[in-house]
Amino acid sequence: MAAVIAAGFVLVTGPFFIPELHKLKFGQSIREEGPKSHQAKSGTPTMGGIMIILGITLGTVAVAPLSTEIMLALFIMLGHFVLGFLDDYIKVVKKRNLGLKAKQKMLGQIIIAVVTMVIGTRMLGIDTSVWLPVANTSVNIGIGYYFLVLFVMVGASNAVNLTDGLDGLASGTMAIAASAYAAVCLLLGHNDLAVFCVAIVGACLAFLRFNAHPAKVFMGDTGSLALGGAFAAVGILTHTEVLLAVIGLIFVCEALSVIIQVISFKTTGKRVFRMSPIHHHFELGGWSEWKVVFVFWAVGLLASVAGLSLL
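The opening residue of the sequence shown carries number 70 in the working numbering; numbering runs sequentially from there.
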């Protein structure tokens with residue numbers, strides 16, 4: 070039901086919302102150093118993530134009891150939604166290409182992480198241990214756990230943001246990862262969070278109706294940062310932070326490719342990849358956009374199966 074409500078909201082509002090974005094001239098600016106084939110996408114409306122996040126929120130609130138766990142998950146997602154919206158608004162409306170400054174975005178994420186840790190430890194009983202899947206044991210890392218939570222939030226939100234570079238890539242990959250985490254939540258007894266996860270699945274799949282190649286709308290940072298925050302939320306609240314990296318393998322690879330590229334270029338002057346994030350590397354290698362998206366979806370599916378088998 071949560072998936073149906075979330076998907077229904079996106080499908081119903083899309084035909085009305087997208088033309089309004091056109092009227093407001095909320096078009097995406099395509100960076101000149103990107104693949105030349107992407108220049109044709111310039112002007113495509115962005116901030117479509119508003120539909121996704123409102124759909125997820127509606128689907129979750131309509132079905133799941135408003136427990137502390139659900140309220141915290143929504144807070145994390147909506148907190149990142151606000152950061153993403155401000156980032157897009159500054160880029161699109163104020164015509165400042167960089168959007169929010171890195172320090173401003175990091176401050177927002179630190180505030181979200183601190184609230185999460187306070188509520189999680191004091192009201193939900195989350196301890197400072199980390200579960201290691203292969204060894205099937207938990208290790209208490211003390212105060213280090215608080216830094217881990219911040220790392221997971223910043224890492225997941227930015228990794229999903231980096232993945233949002235091809236039509237349908239981020240929304241499809243997130244739908245797959247959220248499906249796997251719905252199963253994780255059920256297996257671990259977090260039934261309310263399972264509702265949250267399937268609402269994500271429904272909204273993301275419905276968004277593909279408008280975001281599949283050739284995209285009629287992009288989710289923008291408004292959607293990608295919020296979805297990354299939501300992904301981090303379910304990993305933290307189920308206390309499966311390490312498993313998050315397995316199920317979200319595509320997101321991890323996208324982020325690592327950027328880190329490796331930057332370090333390599335600054336230290337040696339050479340690039341490891343044709344272009345980062347890594348989906349552009351395959352594009353410039355001759356793969357069609359659809360081929361890259363389908364292969365990445367397939368890898369995401371295999372990573373989700375691997376993650377569930379570890380659990």
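C-beta: ideal position from N, C-alpha, C; glycine also.
Please read these numbers as outputs of a predicted model, since none were measured by experiment.
- Listed as beta-bridge partners of T206 by DSSP are L201.
- Approximately 7 Å separates the beta-carbon atoms of G117 and N280; this is inside 8 Å, confirming the contact.
- The C-beta distance from T307 to L257 rounds to 5 Å, short enough to meet the 8 Å contact threshold.
- L238: member of the alpha helix (DSSP H) spanning 238 to 256, first to last residue.
- Unbroken alpha helix (DSSP H) runs of no fewer than 4 residues, entirely contained in the stretch 304 to 329, are found at 310 to 316, following chain order.
- The continuous stretches of alpha helix (DSSP H) do not include F342, and DSSP gives it neither H nor E.
- Burial state of P346 is buried, judged by a 10 Å Cβ sphere holding 16 or more other Cβ atoms.
- Residue range 171 to 191 is occupied by the alpha helix (DSSP H) that includes I179.
- Take V327, set aside five residues on each side of it, and the residues of its chain with a beta-carbon closer than 7 Å to its own are L231, S345, P346, in chain order.
- Rounded to whole angstroms, the gap between the alpha carbons of D290 and D156 is 7 Å.
- Ranked by Cα distance from K285, the options A72, G77, I119, G83 are led by G83.
- When the five nearest sequence neighbours on each side are left out, the beta carbons in the same chain lying within less than 8 Å of the beta carbon of H91 are those of P114, in order along the chain.
- Annotation: L201 to L217 spans about 14 Å, alpha carbon to alpha carbon.
- In the three-state reduction of the DSSP assignment, L135 falls in the coil class.
- Counting only runs of 4+ residues, the alpha helix (DSSP H) found wholly inside the stretch 259 to 296 occupies 260 to 280, in chain order.
- Taking a contact to require three or more Cβ pairs closer than 8 Å, the stretch 250 to 270 and the stretch 118 to 132 qualify as touching.
- Per DSSP, the continuous alpha helix (DSSP H) segment holding M222 begins and ends at 213 to 232.
- In the structure shown, V130 falls within a helical segment according to DSSP collapsed to helix, strand and coil.
- Closest in alpha carbon position to Q178, among K360, D236, G298, is G298.
- Scanning its chain for C-beta atoms nearer than 8 Å, with the 5 sequence neighbours on each side dropped, one finds around R278 the residues V79, L80, G83, in chain order.
- When the alpha-carbon of K170 is set against those of L379, V208, L152, K335, the nearest one is in L152.
- In this structure T337 is exposed. Its beta-carbon is surrounded by fewer than 16 other beta-carbon atoms within 10 angstroms.
- When C-alpha distances from L296 are compared across V187, I159, V264, C273, the shortest belongs to C273.
- Annotation for K360: the continuous alpha helix (DSSP H) segment containing it runs 358 to 379.
- Excluding the 5 residues flanking it on each side, I316 has same chain C-beta neighbours closer than 7 Å at A246, A249, Y250, A372, S373, G376, in chain order.
- Judged by their CB atoms, A244 and V229 are not nearer to each other than the 7 Å cut-off.
- Using a 10 angstroms sphere on the CB of A204, the tally of other CB atoms stays under 16, which defines it as exposed.
- For A75, the number of other beta carbons within 10 angstroms of its own is at least 16, and it is reported as buried.
- Per DSSP, reduced to three states, the secondary structure at V79 is helical.
- Excluding five sequence positions before and after A71, the CB atoms of its chain that fall closer than 8 Å to its own CB belong to G128, T129, A131, V132, A133, V264, F265, V267, A268, G271, given in chain order.
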